[in-house]
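Asks: Using the working numbering, the letters of the sequence shown correspond one by one to residues 1 to 199. Sending over a structure as structure tokens; questions will come in a sec.
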Amino acid sequence: MLQKPYDTSAPIHALFAQRYSGVCFDPQRPVPPELLLSVAEAARWAPSCNGDEPWRFLICNKATTPAAWDKAFACLMEGNQAWCRHAPVLVIICTDTRFTHNDNPNRFGPYDCGAAALSLCLQATAHGLMTHQMGGFLPAKTQESFAIPERYQPLAMMALGYQLPESEFPAQWRERETKPRQRRPLGAQFFAGEWGKGL
Ligand SMILES: Cc1cc2nc3c(=O)[nH]c(=O)nc-3n(C[C@H](O)[C@H](O)[C@H](O)COP(=O)(O)O)c2cc1C
């Protein structure tokens, strides 16, 4: 995967710096099944409130479950479809809205699913794969198309696959794919003991 320039204000593990949400997926390179299992396994070991593991990942692999991939693709917003058409795998991330042990509402479900999703992303980065999460999809259509039971809520989708070699980035996506990663200054959002006091 292309190494984008990044400028961290303290040293971090390369995995965090190297992951980014690209759009130039290689349609010719399917994701090997053992790597799909590996990224799912990484998500499985995410922390969760009360150890409830509220996440459910619907993995739609163009190579092995093409009808599911087509259905998932149809649930994306147009802006995402424009680049997602070449992503070999589309993932739908859902949360259980209730705790397993007592059936009470689980307000931490989306928090836990985010942790699991990022675990998947980072394991994918370690395998040289690219991920791109998306909120631009149609949750109601997704729920209906995949007959997702009502207590589970689709939260996000994700594209997963190998990136094209840099020389093959389509002209329309090149700038977006190569622009440097940026974040707000650390002290603007990380506070030292009192609200607003930058670390
Ligand atoms: C919950 C969530 C929803 C997102 N929705 C979209 C989306 O619909 N379309 C898109 O192109 N990127 C989407 N993104 C990607 C973000 O724009 C991206 O993560 C952010 O700009 C930071 O860039 P980076 O992931 O390369 O570090 C989403 C990311 C998250 C976590």
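For each residue, glycine too, the CB sits at the ideal point set by N, CA and C. The structure presented is a predicted model; accordingly, all values stated were derived computationally and were not measured.
Since I believe V31 is in contact with H132 (beta carbons under 8 Å), could you give me their beta-carbon distance rounded to a whole number of angstroms?
Replies: As a position in the sequence shown, residue 132 is number 132, starting the count at 1. As a position in the sequence shown, residue 31 is number 31, starting the count at 1. Contact doesn't hold; Cβ gap of about 14 Å is too wide.
Asks: Give the DSSP-derived three-state secondary structure of C113 in the structure shown.
Replies: Residue numbering aside, residue 113 sits at position 113 when the sequence shown is read from its first letter. If DSSP states are grouped into helix, strand and coil, C113 belongs with the helices.
Asks: Closer than 7 Å: is that where the CB of R181 sits relative to any heavy atom of ligand 1?
Replies: The count along the sequence shown starts at 1 and reaches residue 181 at position 181. Yes; taking the cut-off as 7 Å, the Cβ of R181 has a heavy atom of ligand 1 nearer than that.
Asks: Using only the heavy atoms of ligand 1, determine whether one of them is closer than 7 Å to the beta carbon of Y6.
Replies: Here residue 6 refers to the residue found at position 6 of the sequence shown. Not under cutoff, so the answer is no.
Asks: How long is the line joining the alpha carbons of H127 and G196, rounded to whole angstroms?
Replies: Here residue 127 refers to the residue found at position 127 of the sequence shown. Here residue 196 refers to the residue found at position 196 of the sequence shown. So the alpha carbons of these two residues sit roughly 38 Å apart.
Asks: Below 7 Å, is the gap between the Cβ of H132 and the nearest heavy atom of ligand 1?
Replies: Start at 1 with the first residue of the sequence shown, and residue 132 comes out as number 132. Checking the Cβ of H132 against ligand 1 gives yes.
Asks: Is any heavy atom in ligand 1 found nearer than 7 Å to the beta carbon of A115?
Replies: As a position in the sequence shown, residue 115 is number 115, starting the count at 1. No, the beta carbon of A115 sits no closer than 7 Å to any heavy atom of ligand 1.
Asks: Report the partner residues of M134 according to the DSSP bridge assignment.
Replies: Start at 1 with the first residue of the sequence shown, and residue 134 comes out as number 134. According to DSSP, M134 bridges with M157.
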